[in-house]
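Per UniProt numbering, the first sequence starts with residue 1, numbered consecutively.
Backbone N, C-alpha and C fix where the C-beta goes; we use that ideal spot for every residue, glycine too.
Please read all numbers here as calculations on a predicted model, not as lab measurements.
A quick write-up on the structure given underneath.
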Amino acid sequence: MKADFYTEVYNIVREIPEGCVVTYGQLAKLARRPQCSRMVGQAMFNVPKELNLPCHRVVNSQGRLAPNWAEQRGLLEKEGITFKKNGCVDLKKHIWEDILPII
DNA sequence: GTTGTGACTAGTG
DNA sequence: ACACTAGCCACAA
1 MKADFYTEVY
11 NIVREIPEGC
21 VVTYGQLAKL
31 ARRPQCSRMV
41 GQAMFNVPKE
51 LNLPCHRVVN
61 SQGRLAPNWA
71 EQRGLLEKEG
81 ITFKKNGCVD
91 LKKHIWEDIL
101 PII
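In structure tokens form, the structure reads like this:
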């Protein structure tokens, strides 16, 4: 069911600390669907803004940001995220590795 | 049931 | 760095 997976993703995204980022793959793994990284992206696009999730802290494995979303860069900069020269997030510094062993 | 789509990932050139 | 491919999954039409 999408609702359950989405809920898991939202719940995790909500826990992302300030100044940190997380990849779709990690998020998918934490949501107990390691292969569904694409669904994480869909979940982020469909996320109700009312939930006030820090979806701007979710990036892909390369540290690339969501396409056609100029705001994300500014939001991350405000959070204290640093970018490389090419504009990608410095994953090594800000990647969120706090694995929560649900189950 | 099949097809097209995507805010993905890893690999290759 | 970029472009492309193949694998992957769930959803919408």
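Among all the DSSP beta bridges, which residues are the ones paired with Val-22? In DSSP, Val-22 forms a bridge with Val-58.
Let's test the definition: count the other Cβ atoms within 10 Å of the Cβ of Ile-99 and tell me whether it reaches 16, buried, or not, exposed. Exposed, by the Cβ-count rule.
Contact between the stretch 79 to 97 and the stretch 2 to 12 is defined here as three or more beta-carbon pairs at a separation below 8 Å; is this criterion met? Two segments are said to touch when three or more pairs of C-beta atoms, one from each, lie closer than 8 Å; by this definition the stretch 79 to 97 does not touch the stretch 2 to 12.
What did DSSP end up calling Ile-12 once you bin it into helix, strand or coil? Residue state, collapsed to three classes: helix.
When DSSP builds the beta bridges, which residues end up paired with Phe-83? Beta-bridge analysis with DSSP links Phe-83 to Val-89.
Quick check: the Cα distance between Gly-19 and His-56, rounded to an integer number of angstroms? Cα to Cα, the separation comes out at about 11 Å.
Contact between the stretch 67 to 81 and the stretch 32 to 41 is defined here as three or more beta-carbon pairs at a separation below 8 Å; is this criterion met? Contact fails between the stretch 67 to 81 and the stretch 32 to 41, because fewer than three Cβ pairs, one in each stretch, are under 8 Å apart.
Looking at the secondary structure, which residues open and close the alpha helix (DSSP H) in which Gln-42 lies? It spans 37 to 46 - the alpha helix (DSSP H) in which Gln-42 sits, taken as one unbroken run.
In terms of alpha-carbon separation, which member of Glu-71, Gly-74, Gln-26, Leu-51 lies closest to Gly-41? Gln-26 is the residue among Glu-71, Gly-74, Gln-26, Leu-51 whose C-alpha sits nearest the C-alpha of Gly-41.
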